[in-house]
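These notes are about the structure you will find just below.
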Amino acid sequence: MKILISGATGLVGNVLIQEALLKGIEIHFLTRNKSKLGSHDGVTAFYWNPRENEIDTACFKGVDSIIHLAGATVSKRWTKKYKEEILSSRIQSTSLLVESLKNKEHQIKTVVSASAIGVYPSSMDKIHNEEDPVKSDSFIEEVVVEWERTVDRFLELNLKVSKLRIGLVLASNGGVLETLKIPTQFGLGAAFGSGKQWQSWIHISDLAHLFITAASDQWEGVYNATAPEVVSQKKFIKHLASSINRPFFMPPLPKFLIKLLVGEMSALVLNSHYISNQKVTDTGFKYQFSTLKEALEDLL
Ligand SMILES: NC(=O)c1ccc[n+]([C@@H]2O[C@H](COP(=O)([O-])OP(=O)(O)OC[C@H]3O[C@@H](n4cnc5c(N)ncnc54)[C@H](OP(=O)(O)O)[C@@H]3O)[C@@H](O)[C@H]2O)c1
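For what it's worth, this note's numbering labels the leading residue of the sequence shown as 594, then goes sequentially.
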């Protein structure tokens, strides 16, 4: 099997490539970074620049499935200009892939795209599943709705399309865990806002396996890519502190302070998402890390 990955040089992509190689899958990936081009050990990099509508279409050769991860990070201050980039990077990159495949001979059967649980409205008491209606009431909801709608354009090419709505990705290097680990190491780990908001997370290895399974089993539609256990934000920081043998005694950081510090982006830590992973478990998918304790013990 050969998979083409966009956004492969990021947090998820790096682990996904390693897991795929272990399964004997050959990898092509797309990058805007010319210094990463080349081929070695079953991995070949191809150049693209979605903003300029440029792509080396040799990337599609022999590919069975596309895993689409590309998009500007949301973990950077949401200025008006940067918000445009968060959205346009996802729309342009998706459209470029669709347009490049039109009228081109290829053997691609499936597309699996990253999406995000941020598409669901924040709620302290609702358990969200894939059937729930989504709207564009906040910036992040609007981004994900538009992104998923553009991904559905692959259906025009008669491909099987799935979208994984990803929760907070926990990894040993980078991502949210690395950011939260720093104050916690100094005994300064604190919850955000009330600390009661629900956090739906996933261990990066489980996420990589989910992407590979969705591609090889030709999943269709939307799937929540989150772990079985959902925890409150306060419990999350408490577990983190105990995993690295540090005390947890700080009072929660008040909402207004977080909003003052990071602006609108504060939604990422203040919103509450209790997400059901029932649809994924119904496929027979087996998680390696079902509880936060197991995940943190492995990663830290
Ligand atoms: N990490 C999470 O907690 C999380 C949660 C929910 C959803 N997701 C989604 O899952 C996907 C992968 O996440 P990640 O954490 O691995 O992201 P990441 O580390 O930020 O990497 C994203 C990759 O996308 C490419 N990229 C960045 N800006 C781009 C632009 N303007 N145009 C085209 N490509 C661009 C980059 O590849 P090159 O520089 O090589 O081109 C980069 O390596 C993202 O779409 C993200 O929104 C992540």
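Glycine included, C-beta positions come from ideal geometry on N, C-alpha and C.
Beta-carbon separation of THR551 and ARG839 under 8 Å?
Coverage of the chain is limited to positions 594 through 893, which leaves residue 551 absent and any answer about it impossible.
Report the three-state DSSP secondary structure of SER682 (helix, strand or coil).
If you number the sequence shown from 1, residue 682 lands on position 89. Helix, per DSSP.
Would ALA784 count as contacting chain D if we go by Cβ distances under 8 Å?
No chain D appears in this structure, which consists of one protein chain only.
Range covered by the beta strand (DSSP E) that runs through ALA707
Taking the first residue of the sequence shown as 1, we reach residue 707 at position 114. Note, ALA707: beta strand (DSSP E), 703-709.
With the cut-off set at 8 Å, would you say GLN792 and VAL762 are in Cβ contact?
For this step, residue 792 is matched to residue 199 along the sequence shown. For this step, residue 762 is matched to residue 169 along the sequence shown. It is not a contact, given that the beta carbons lie outside the stated cut-off.
By the three-class DSSP mapping on this structure, what secondary structure does HIS721 have?
Walking along the sequence shown from the start, residue 721 turns up at place 128. In this structure, HIS721 counts as strand in the three-state DSSP scheme.
What distance in whole Å lies between the Cβ atoms of ALA638 and THR624, which are believed to be in contact at a cut-off of 8 Å?
By one-based count along the sequence shown, residue 624 stands at place 31. By one-based count along the sequence shown, residue 638 stands at place 45. About 5 Å; that satisfies the 8 Å criterion.
Looking at the secondary structure, which residues open and close the beta strand (DSSP E) in which ASN817 lies?
Locating residue 817 in the sequence shown gives position 224, where the first residue counts as 1. Segment 814-818, the beta strand (DSSP E) holding ASN817.
Is the beta carbon of LEU662 within less than 7 Å of some heavy atom of ligand 1?
Your numbering for residue 662 matches position 69 in the sequence shown. Yes, the Cβ of LEU662 comes within 7 Å of a heavy atom of ligand 1.
In terms of residue numbering, what span does the alpha helix (DSSP H) encompassing GLU887 cover?
The count along the sequence shown starts at 1 and reaches residue 887 at position 294. Element bounds for GLU887: 885-892.
Provide the residue span of the beta strand (DSSP E) that contains THR624, from first to last.
Residue 624 sits at position 31 when you count from the first residue of the sequence shown. Run containing THR624: 619-624, per the beta strand (DSSP E) assignment.
Which same chain residues end up closer than 7 Å to LYS669 when comparing Cβ atoms and leaving out the 5 residues on each side of it in sequence?
Within the sequence shown, the letter at position 76 stands for residue 669. Here the set comprises TYR675.
Could you work out which residue in LEU604, TYR816 and MET843 is closest to ALA784 when comparing CA atoms only?
One-based indexing of the sequence shown puts residue 784 at position 191. Nearest C-alpha to ALA784: MET843.
Do you know how far the Cα of LYS697 is from the Cα of VAL862?
For the purposes of this step, residue 862 is identified with residue 269 of the sequence shown, where counting begins at 1. For the purposes of this step, residue 697 is identified with residue 104 of the sequence shown, where counting begins at 1. Taking the straight line from one Cα to the other gives about 43 Å.
With distances taken between CB atoms, is the gap from PHE747 to TRP671 smaller than 8 Å?
Residue mapping note: residue 747 aligns to position 154 of the sequence shown, counting from 1. Residue mapping note: residue 671 aligns to position 78 of the sequence shown, counting from 1. No.
Between the region 716-724 and the region 858-873, do at least 3 Cβ pairs fall closer than 8 Å?
yes
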